[in-house]
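Chains as they are written, first to last, in this note's numbering: chain G, 1 to 313; chain Y, 1 to 311; chain W, 1 to 254. Note that beta-carbon positions come from the ideal geometry of N, C-alpha and C, so glycine has one too.
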Amino acid sequence: MKINKQLVFNLSLAFLLFFVIHFLMSNRIISAYYQLNIYLLFINIIMATSLNLVNGFLGQLHLGHAGFMAVGAYVSAAMTTKMDLPFLPAVITGSIAAGIVGLLIGYPIFRSGRLGGDYLAIATLGFGEIVRIIFVNTQYVGGASGLSGIPRYTNWPILFFLTVATVLLIRNFINSSHGRAVLSIREDEIAAETMGINLTKYKLMAFSIAAFFAGLAGTLYAHYFFIISPNTFNFLKSVDYLVMAVLGGLGSITGSIIAASGLTIISALLQDFGALRMVAYSMILVIIMIFRPSGLMGTKEFKLSFLEEKERR
Amino acid sequence: MKNALLFYGVYNRKGVSMDIFIQQVINGLSLGSIYALIALGYTMVYGIIKLINFAHGEIYMIGAYIGFFAITSMGLGFIPALIIAMIGCAILGMAIEKIAYKPLRKSTRIAVLITAIGVSLFLQYTTVFFLRPEPRIFPKILTDGRFNIFGLKAYITYQQLTIFIVTILLVVLLQYIVHFTKTGKAMRAVAFDKDAATLMGINTNNIISITFAIGSALAGAAGVMVGVYYSAINPLMGIMPGLKAFVAAVLGGIGIIPGAFTGGMIMGVIEAMVSGYGNSLYRDAVAFLILIIILIFKPTGLFGKSEREKV
Amino acid sequence: MKILEINKLVKLFGGLAAVSKFDFYINQGELVGLIGPNGAGKTTAFNLITGVYTPTSGSINFLDESIVGLKPFVINQKGMARTFQNIRLFKDLTVLDNVRIAYHSHVKYSVFSSFFRTKAYYEEEKEVKKKAIEFLKIFRMDDKKDELARNLPYGQQRRLEIARALAAQPKLLLLDEPAAGMNPQETHDLMELIAFIRKEFDLTILLIEHDMSLVMGVCERIYVLDHGVLIANGTPEEIRGNPKVIEAYLGEES
Chain G
1 MKINKQLVFN
11 LSLAFLLFFV
21 IHFLMSNRII
31 SAYYQLNIYL
41 LFINIIMATS
51 LNLVNGFLGQ
61 LHLGHAGFMA
71 VGAYVSAAMT
81 TKMDLPFLPA
91 VITGSIAAGI
101 VGLLIGYPIF
111 RSGRLGGDYL
121 AIATLGFGEI
131 VRIIFVNTQY
141 VGGASGLSGI
151 PRYTNWPILF
161 FLTVATVLLI
171 RNFINSSHGR
181 AVLSIREDEI
191 AAETMGINLT
201 KYKLMAFSIA
211 AFFAGLAGTL
221 YAHYFFIISP
231 NTFNFLKSVD
241 YLVMAVLGGL
251 GSITGSIIAA
261 SGLTIISALL
271 QDFGALRMVA
281 YSMILVIIMI
291 FRPSGLMGTK
301 EFKLSFLEEK
311 ERR
Chain Y
1 MKNALLFYGV
11 YNRKGVSMDI
21 FIQQVINGLS
31 LGSIYALIAL
41 GYTMVYGIIK
51 LINFAHGEIY
61 MIGAYIGFFA
71 ITSMGLGFIP
81 ALIIAMIGCA
91 ILGMAIEKIA
101 YKPLRKSTRI
111 AVLITAIGVS
121 LFLQYTTVFF
131 LRPEPRIFPK
141 ILTDGRFNIF
151 GLKAYITYQQ
161 LTIFIVTILL
171 VVLLQYIVHF
181 TKTGKAMRAV
191 AFDKDAATLM
201 GINTNNIISI
211 TFAIGSALAG
221 AAGVMVGVYY
231 SAINPLMGIM
241 PGLKAFVAAV
251 LGGIGIIPGA
261 FTGGMIMGVI
271 EAMVSGYGNS
281 LYRDAVAFLI
291 LIIILIFKPT
301 GLFGKSEREK
311 V
Chain W
1 MKILEINKLV
11 KLFGGLAAVS
21 KFDFYINQGE
31 LVGLIGPNGA
41 GKTTAFNLIT
51 GVYTPTSGSI
61 NFLDESIVGL
71 KPFVINQKGM
81 ARTFQNIRLF
91 KDLTVLDNVR
101 IAYHSHVKYS
111 VFSSFFRTKA
121 YYEEEKEVKK
131 KAIEFLKIFR
141 MDDKKDELAR
151 NLPYGQQRRL
161 EIARALAAQP
171 KLLLLDEPAA
181 GMNPQETHDL
191 MELIAFIRKE
201 FDLTILLIEH
211 DMSLVMGVCE
221 RIYVLDHGVL
231 IANGTPEEIR
241 GNPKVIEAYL
251 GEES
């Protein structure tokens, strides 16, 4: 196996970051408020990166990512809180449940061809809303007031490890033959199909992989914040992730990470500016699409040039 | 969605009698008229530039606010308020197209869709910021009253009657414009084949503007009538009806004007039935269930023919 | 042996016949031309053969098997690849990726392998890259492999599209006006290249061309379409002297 210097460098940097933050947190140098935001930042990285798989790499507009997060959060929280099951099976089940819901929603949409792609935006938006309505009406998980008393199983090492794993797995997927099939659909559906790409299969694959990771983020979220309610995962939450993916660059994983981090920090510093924040976000969406449709990073990945591998033939 | 409650509320009794059934149909058709008017704008814009104009629901909301201020601040009556709202929305629709969508004519589909979502959120939250998020009570400008129907215990209110009449007049006017005027012919030509239409000397940019103007004016009219009907408006009132009207347009066959009208009416009636006989909490979910069902069984909608893609 | 056989193929677009009663066959190893004036239905015929459109009626048999109603990707996997009249490359991907995507159907490693980069992933990826570069070498584009397809000059985009189609390892290659927009020198080079790959890969080729003189030189048999109807077929000599063909082409110019 050849050694990828860039990857080694990135991973070393990541682990350095891990230990620094771990040190700061365990010695209470970081206040509880900032600690909370650091957790949120990593959960947002999982959300933005996985959303980018659909919006950036597949090129279809997905507006209900928070809905899948809700599925993961509720399924896992019900397992640990109501059934007293351990964390690991809850995380796995929650993520898989979100992935399966992704398959069920995606199948009728992607099966119906190009028209279906156009309707994905509306269908996912509606899906987010349906999930909310279902949880509001499900007394077993607390109805409208939400589910509380969820054990705090998510700790810093688990969160960090799973975030890094998510990013690596999505990167690996994109850089494989299956990932290239997904990219070709974004580029030209008709050409892709005549080159042997099964459109329905790969659209569905990208969509449900994204749903799976959103579910994972949901499980981590629920087991950090004690309480979840249907309104935690509303449409505006999905918009947050959309803005992160768009700002970072549709089709750039590092872009998603940078944008997710940046926007989480900005929101933490400027805590409550409600309507104005949404005005700013909406303007970001429009202005980026008009003046720099590729986002900050475009489809490029952040690399340090001195680490670039020399191509070996 | 606070507005969802405002949007309904009336006639939620349960029962199986004919009276109640007829009543639900009437309520459904009033609601359906609103959906139909909004759906027409969606379908016209989609037909001409293949864009789901997410901001369309917000144009309807702004229409309601224009109507509100025309009545409260300017002391106008229903008809002048309706006309002012329609003109205001037409201008707003054209402005949105010129500023946000036109620069993206050659961009990817997803870029335009994201812009549309951005414009939609922008209109919602600038309204929240400047006009406060709280609902406003729409003044009563039509006298209360109702007619009894066929001797049954079902009624049609003056407001409902107004909605029917205005909707039908507007739809007839729209059909006249689309089928019997030069602009209408040009609109159909651009929708059929934009490049060919340009070669034939049609100013496609103007036609697209006019399409946005007409669609937005219809949404504006719907906004004012909703204000009159449900007597409260708020900055987020456009989200749900906007989405449902889109589903209505898909149901009828997107890009097809009679389809949007029929789809809107069907949506309204189905919703009234669900909240009348079933659980009104699931009323909002029904629209999306319908969308999924259409996609499985007839993706081109009730009136749609499978279209040819140029390869 | 007939590799592709079409009988009474009809395609209506809202009552208008884009292709009507089209009969056609191509033998293993042949190079056949499909010509006709603008709007004759040539590209529609291609779209029907490759599954982009579904025929209104008629039969299409590929390798003795009906392919009517099959999706384009299935037909591709059975051994058919094509290019497009108005170049459809994956524009924002590199030249190398464009070719690698065509290999997709031949790659066997699973999605699991791609997530976890198993041994199978590394071995097959290495192989695919090697083969893709070999193809690019044939087209003298291996030095451009890391460039985005959109940045290539027009002539090279056309060549890349052929390289991509070829990388899918088809038995039958359909080329839709491959020389469109090229100058005479480029066209000449391209025709030589087509002759070369045909021999090298033992291909059967169906070629659409607008320019009759070009096809005369390279094709063994020619079919002529006009207004969706087959008006002639035969050897270049037979076509050259056919009054119907002359009329169809002259009619266009007048």
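Check, Outcome
"Quick check on DSSP: helix, strand or coil for residue 233/W?", "strand"
"What residues match up with residue 33/W in a beta bridge as DSSP calls it?", "207/W and 222/W"
"CA-CA distance, residue 240/Y and residue 38/Y?", "12 Å"
"Straight-line CA distance for residue 100/G to residue 216/G?", "13 Å"
"Rounded to whole angstroms, what is the Cα-Cα separation between residue 77/G and residue 254/Y?", "41 Å"
"Just the Cα atoms here: how many angstroms apart are residue 172/W and residue 134/W?", "20 Å"
"Using a Cβ cut-off of 8 Å, pull out every chain G residue sitting near residue 176/W, in sequence order please.", "Under the 8 Å cutoff, chain G gives no residues; its nearest Cβ is about 11 Å from residue 176/W."
"Taking the alpha-carbon positions, what's the residue 143/Y to residue 134/G distance?", "39 Å"
"Closest Cβ-Cβ distance between residue 178/G and chain W: below 9 Å?", "yes"
"Could one say the Cβ of residue 114/Y lies closer than 9 Å to chain G's Cβ atoms, at least one of them?", "yes"
"Under DSSP, the alpha helix (DSSP H) around residue 324/G begins and ends at which residues?", "With chain G represented from 1 up to 313, any question about residue 324/G goes unanswered, as that position is not in the structure."
"Are residue 295/Y and residue 208/G closer than 9 Å when you measure CB to CB?", "no"
"Give me the Cα-Cα distance between residue 46/G and residue 258/Y, rounded to the nearest whole angstrom.", "45 Å"
"Check for me: the beta strand (DSSP E) holding residue 255/W runs from which residue to which?", "Residue 255/W lies beyond the range of chain W shown here (1 to 254); nothing can be said about it."
"In whole angstroms, what is the alpha-carbon distance linking residue 148/Y and residue 138/G?", "40 Å"
"Let me know the secondary structure DSSP gives residue 291/Y once reduced to three states.", "helix"
"Residues bridged to residue 188/G by DSSP?", "BP columns for residue 188/G are empty, so no partner."
"Take residue 220/G and list the residues in its own chain whose beta-carbon comes closer than 7 Å to its own, dropping the five residues that flank it on each side.", "43, 154, 159 and 162"
"Give me the subset of the stretch 37 to 59 of chain G whose CB atoms are less than 7 Å from a CB atom of chain Y, sorted by chain position.", "55 and 59"
"Using the Cα positions of residue 313/G and residue 122/W, report the straight-line distance between them to the nearest angstrom.", "Confidence at residue 313/G is low in this model, with a pLDDT of 31, below 50, so its placement is unreliable and the value that follows should be read with caution. Their Cα atoms are separated by approximately 16 Å."
"Tell me the rounded alpha-carbon separation between residue 9/G and residue 49/W.", "51 Å"
"Exposed or buried, residue 179/Y, counting other C-beta atoms within 10 Å across all chains shown (16 or more means buried)?", "exposed"
"Which chain W residues sit within Cβ distance under 7 Å of residue 187/G?", "90, 91, 92 and 93"
"Does the pairing of the stretch 155 to 171 of chain W with the stretch 90 to 106 of chain W give three or more beta-carbon distances under 8 Å?", "yes"
"Indicate the three-state DSSP secondary structure (helix, strand or coil) for residue 157/Y in the structure shown.", "strand"
"When burial is assigned at 16 or more other CB atoms within 10 Å of the CB, is residue 89/W buried or exposed?", "buried"
"Here's the rule I'm using: 16 or more other beta-carbon atoms within 10 Å means buried, otherwise exposed. How should residue 9/Y be labelled?", "Bear in mind that a pLDDT of 40 at residue 9/Y, under 50, signals an unreliable position, so the number given afterwards is only what the model happens to contain. Result: exposed."
"I want to know whether the stretch 51 to 68 of chain G touches the stretch 243 to 253 of chain G - three or more CB-CB distances under 8 Å.", "yes"
"Does the distance between the C-beta of residue 71/G and the nearest non-hydrogen atom of the ligand SAH fall short of 8 Å?", "The ligand SAH is absent from the structure shown, which contains no ligands of any kind."
"In chain G, which residues lie with their C-beta within 8 Å of the C-beta of residue 287/Y?", "126"
"Looking at chain Y, is there any beta carbon in it that lies within less than 9 Å of the beta carbon of residue 235/G?", "yes"
"Determine contact between the stretch 202 to 222 of chain W and the stretch 32 to 42 of chain W, defined as no fewer than three beta-carbon pairs at a distance below 8 Å.", "yes"
"Interface residues of chain G around residue 210/W at Cβ under 8 Å?", "Ordered by position in chain G, no residue passes the 8 Å Cβ test against residue 210/W, which lies about 21 Å from the chain."
"Does residue 218/W come within less than 9 Å of chain G when only Cβ atoms are used?", "no"
"Any residues in the stretch 98 to 132 of chain W with a beta carbon nearer than 8 Å to a beta carbon of chain G? Which ones, in chain order?", "100, 101, 102, 103, 104, 105, 107, 109, 111, 113, 114, 115, 116, 117, 121, 122, 124, 125 and 128"
"If we ignore side chains and look at the alpha-carbon of each, how far apart do residue 195/Y and residue 177/G end up?", "37 Å"
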